[in-house]
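What follows is a set of notes on a single structure, which appears directly below.
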Amino acid sequence: MSEISEEKRETVSVKMKPSLWKDAKKAAIDEGITVSELAEQAIQEWIEKHGKNLISDAEAKAIARQYAKKGN
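In our numbering, the protein residues as written are 51 to 122.
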């Protein structure tokens, strides 16, 4: 897995099953990292494995702006 960069982090909100969140917190404690770091590592690994057709940062920002305007 690639090293996680020191790029500025953003606060995000996600919905997930409470049992999964509980397991993630336990796993993070076991690994000596934060849940944010665990999630970032998991997402990075998924992207490296499956992310061959991902959109660009500019496209992602445009989509985020559209959702923000709609109040989503």
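Glycine included, every Cβ here is placed at the ideal spot set by N, Cα and C.
Query, Result
"CA-to-CA distance, residue 83 to residue 75, given in whole angstroms", "9 Å"
"Cα-Cα separation between residue 51 and residue 113, rounded to whole angstroms", "The predicted model places residue 51 with a pLDDT of 44, which falls under 50 and marks its position as unreliable; any figure quoted below should be read in that light. Computed Cα separation, rounded: 28 Å."
"Rounded straight-line distance, which links the Cα of residue 87 to that of residue 100", "20 Å"
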